[in-house]
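J.: I'd like to ask some things about the structure below.
Residue numbers (this note's numbering), protein chains in the order written: chain V, 2 to 330; chain L, 22 to 499.
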């Protein structure tokens, strides 16, 4: 790979440079560095992504996001339960259009996300490296895997129905077909440790099958997720199909687990106690629940996360009298 | 209205079935008394005659049965699939051989017409065992990986509306995939499950693979909560389904729930009226409407409302209510006094809320639990009879003008189990079917079942599917 850092020690020891490095200024040195050092970098105000727009939290709250060494990275929005409810409304509103889109169309849009990410690869490598305290090269491996994951799921959109659906050979003069359909609005608690690859691994299968998603970003490392919103907004993903919230996972998840217009919840990012509490709340309208489980996000994903958010619809119709009854057409 | 030609009584003989005065629990291949010595009586809903006294399982019995199932699991799951298949084929064959006996038994204990147990329940029961028998040695081809593994001990709780059929839906896929079973039949209909225990004996099924625990809700709850149960399968009310979902939260137990429904049966103006009327009748009066996927909300296009209602009322006047053992009977008894009270109270509420009630002239027998086929017209979506599952022979009629309105009204429910569409226009069937949020859609037919076909609900009608290839997933570690 071409962008292997020349010297990893370099990035570690220059603490003063850390501030400017976060905005991508650091890898320059020599004479130009003199002049560059005078320039103040431009920080980004990270915002939520809800209904295709980038609001701040309605609560006006933020919280400090740091890297694993405790250095300040940004102030991320601290979403409230009202933000969560707004996201649920946006996701419901988008469901009809997204679930009604052809699988071919959804596949192309997911692939488009991969294209857009490839173009912003350096940005995500930097953000993941900062968020998770990784070297650039190790962060790059994560980002590349995440981009490839979008490609993998893009290819599933128009195949899953053939793999898990089918015609049923009923014993009677009926035509009968089972097809998978999206279950609806899915809340996803993104994994806490894998800020980007883990996030993509739990989000992509939800929307690949035509569901709409409310994502609660990793509480500790929300910035790559919030930046993903910017990519989604420019990838032909209709507004509201993916909604990304940052803040306290437990605080945001509680109203969503209890929300009567949310159909499913993926508890990947919940610890054992929170997962149990949310699963109990989810029983109230019988949400489909994916329990937390150990996942190697680098492994090839199975189809479990695709099928977890699908319903099976079986349609019957008479075929008219057939051979069995002795009559003909 | 007396017709010109009266039917002579045509009762099925009950001499084909020999009901013992008392039954025990079936644990580890033996009939045994309950640890606390408790018993309960099961009555015939059509006569209130006590049929038998049955041991009532408690917590200690659940524990004993789960241990037996755990003990049997190692050997059973290690059997080659082809051997498990042969056991299931044996069971299927014995069910066919004893089908008349079981049909009469089921009619006596449940109250449903012999016509239905003989022609629907029993053939389907046998068909489910045949279907899943064939999967037992082909699991690696089912699409769940190359080495799908069973989960362990399955705790299964089934309802009273199709006692033996629900048993087949639960036990056949569980055994085919190598799990062992503890099954609790409903307290009002324990007998056919106990006869099934005898079928397991005849089939030479290893001890402990199937355990049957007649009992009440407390036994069901104990089974669901038992720490050594790996899989919970429940068919019944949405309220209990939610309680189960809460109970298993935070555990590793895999769960499938087959819950309530309020099926919309949509009739468009170009539908073949006579065929639709038959479908409506099947949809709501089959098994006295005690069917989770019953088409209990009739949505009629406004322009044909009067014509359809006239035909429907005429047809309802020809339904014969009475002795379930009579082969000409269409409507049997309601399963229990409790259920009858629930139906009556919801119907009274419907009247109180202003819906218009109609029933054909219909004489109800003096003993037993009976409810005349009932229609409600002038129903709005806000009425209780349009929202709550009544689980009885009660049909609510609503109208619509456009397909969009039909879809919106059909989907306006917490439930999402079944729906029906009646129209001669193929494109309309496909368009409407794709917009309905329900797990089973019957177009120009209703209440059809087949072991090859996945069955289960959207929304609060539960999760998971039973039947077909999909039904295997519930019992495999995937």
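Think of the CB as a built atom: it goes at the ideal place given N, C-alpha and C, for glycine as much as any other residue.
From a predicted model like this one, the values you see are computed outputs, not experimental measurements.
Write down the C-beta distance between residue 127(L) and residue 142(L) rounded to the nearest angstrom, noting that I regard them as a contact closer than 8 Å.
T.: So it is a contact: roughly 6 Å between Cβ atoms.
J.: On the CB-based measure, 16 or more other CB atoms within 10 Å of its CB, does residue 108(L) come out buried or exposed?
T.: Label assigned to residue 108(L): buried.
J.: So for residue 424(L), helix, strand or coil by DSSP?
T.: In the structure shown, residue 424(L) sits in a helix (DSSP, three-state: H, G or I).
J.: Could you spell out where the alpha helix (DSSP H) holding residue 128(V) opens and where it closes?
T.: Residues 122-133.
J.: Using a C-beta cutoff of 8 Å, does residue 40(V) count as contacting chain L?
T.: No, residue 40(V) does not count as interfacial toward chain L.
J.: Determine the burial state of residue 315(V): buried for a count of at least 16 other Cβ atoms within 10 Å of its Cβ, exposed for fewer.
T.: Per the 10 Å Cβ criterion, buried.
J.: I need the boundaries of the beta strand (DSSP E) containing residue 57(L), first residue and last residue.
T.: Careful: residue 57(L) lies outside any beta strand (DSSP E) and carries neither H nor E.
J.: Can you find a CB in chain L that lies within less than 8 Å of the CB of residue 250(V)?
T.: No, no contact with chain L.
J.: Taking the CB atoms as reference points, tell me whether residue 162(L) and residue 179(V) lie closer together than 8 Å.
T.: For residue 162(L) and residue 179(V), no; Cβs fall outside 8 Å.
J.: Decide if residue 399(L) is buried, meaning its Cβ has at least 16 other Cβ atoms within 10 Å, or exposed.
T.: Residue 399(L) comes out exposed.
J.: Using a beta-carbon distance below 8 Å, is residue 481(L) in contact with chain V?
T.: Yes - at least one Cβ of chain V is within 8 Å of the one on residue 481(L).
J.: Since I believe residue 406(L) is in contact with residue 382(L) (beta carbons under 8 Å), could you give me their beta-carbon distance rounded to a whole number of angstroms?
T.: That belief does not hold up - the Cβ atoms of residue 382(L) and residue 406(L) are roughly 22 Å apart, past 8 Å.
J.: Any idea which residues DSSP pairs residue 319(V) with across the strands?
T.: DSSP lists 175(V) as partners of residue 319(V).
J.: Beta-carbon within less than 6 Å of residue 59(L)'s beta-carbon, same chain only, minus the 5 sequence neighbours each way: which residues are those?
T.: So the list reads 77, once near-sequence residues are dropped.
J.: 8 Å is my cut-off, CB to CB: does residue 120(V) come that close to chain L?
T.: So no, residue 120(V) is outside the interface.
J.: Are residue 172(L) and residue 263(L) close, meaning C-beta to C-beta below 8 Å?
T.: It is not a contact, given that the beta carbons lie outside the stated cut-off.
J.: Ignoring anything shorter than 3 residues, give me the beta strand (DSSP E) runs that lie fully in the region 157-224 of chain L, in order along the chain.
T.: List check, beta strand (DSSP E) in window: 174-178 and 201-205.
J.: Label residue 40(V) either buried or exposed according to how many other C-beta atoms from any shown protein chain fall within 10 Å of its C-beta, with 16 as the threshold for buried.
T.: Residue 40(V) comes out exposed.
J.: For a cutoff of 8 Å on Cβ pairs, would you count residue 25(V) as touching chain L?
T.: Reliability fails at residue 25(V), whose pLDDT of 47 lies under 50, so the model's placement of it is uncertain and the value that follows must be treated cautiously. Not an interface residue.
J.: Can you find a C-beta in chain V that's less than 8 Å from the C-beta of residue 156(L)?
T.: With 8 Å as the cut-off, residue 156(L) does not count as an interface residue toward chain V.
J.: What is the DSSP secondary structure of residue 110(L), counted as helix, strand or coil?
T.: It is helical.
J.: Should the region 440-449 of chain L be regarded as contacting the region 292-299 of chain L, the criterion being three or more beta carbon pairs within less than 8 Å?
T.: Judged by Cβ distances under 8 Å, the region 440-449 of chain L makes contact with the region 292-299 of chain L, as three or more pairs qualify.
J.: Have a look at residue 233(V) and residue 269(V) and give me their C-alpha separation to the nearest angstrom.
T.: Using only the alpha carbons, I get a separation of about 21 Å.
J.: Please return the same chain residues whose Cβ sits closer than 6 Å to the Cβ of residue 498(L), not counting the five positions on each side in sequence.
T.: Cβ neighbours of residue 498(L) beyond the five flanking positions: 170 and 172.
J.: Pick out whichever of 53(V), 227(V), 286(V) and 265(V) has its Cα sitting closest to the Cα of residue 129(V).
T.: Closest by alpha carbon: 227(V).
J.: Residues of chain L with CB closer than 9 Å to the CB of residue 289(V), please, in chain order.
T.: Within 9 Å Cβ-Cβ: 484.
J.: Going by DSSP, what residues sit across from residue 320(L) in a beta bridge?
T.: Note: residue 320(L) sits in a beta bridge opposite 287(L) and 419(L).
J.: For the beta strand (DSSP E) containing residue 441(L), name the first residue and the last one.
T.: Start and end: 439-443.
J.: Strictly below 7 Å CB to CB, what residues from chain V border residue 475(L)?
T.: Those are 179, 313 and 315, listed as they occur along chain V.
J.: What do you get for residue 167(L), buried or exposed, if any count of 16 or more other CB atoms within 10 angstroms of its CB means buried?
T.: Exposed is the call here.
J.: Looking at chain V, is there any beta carbon in it that lies within less than 8 Å of the beta carbon of residue 149(L)?
T.: So, not an interface residue.
J.: Is residue 288(V) helix, strand or coil when you go by DSSP?
T.: DSSP places residue 288(V) in coil when its eight states are reduced to three.
J.: With a threshold of 8 Å between beta-carbons, can residue 320(V) be considered close to chain L, or not?
T.: With 8 Å as the cut-off, residue 320(V) does not count as an interface residue toward chain L.
J.: Are the region 454-474 of chain L and the region 255-269 of chain L in contact at 8 Å, needing three or more beta carbon pairs?
T.: Result no; under three Cβ-Cβ pairs closer than 8 Å.
J.: Kindly indicate the opening and closing residues of the beta strand (DSSP E) around residue 267(V).
T.: Taken as a continuous stretch (DSSP letters only), the beta strand (DSSP E) holding residue 267(V) covers 265-267.
J.: Using a Cβ-Cβ cut-off of less than 9 Å, give me the residues of the region 246-270 of chain L that come near chain V, in sequence order.
T.: Listed by position, the residues of the region 246-270 of chain L near chain V (Cβ gap below 9 Å) are 259, 262, 263, 264, 265, 266, 267, 268, 269 and 270.
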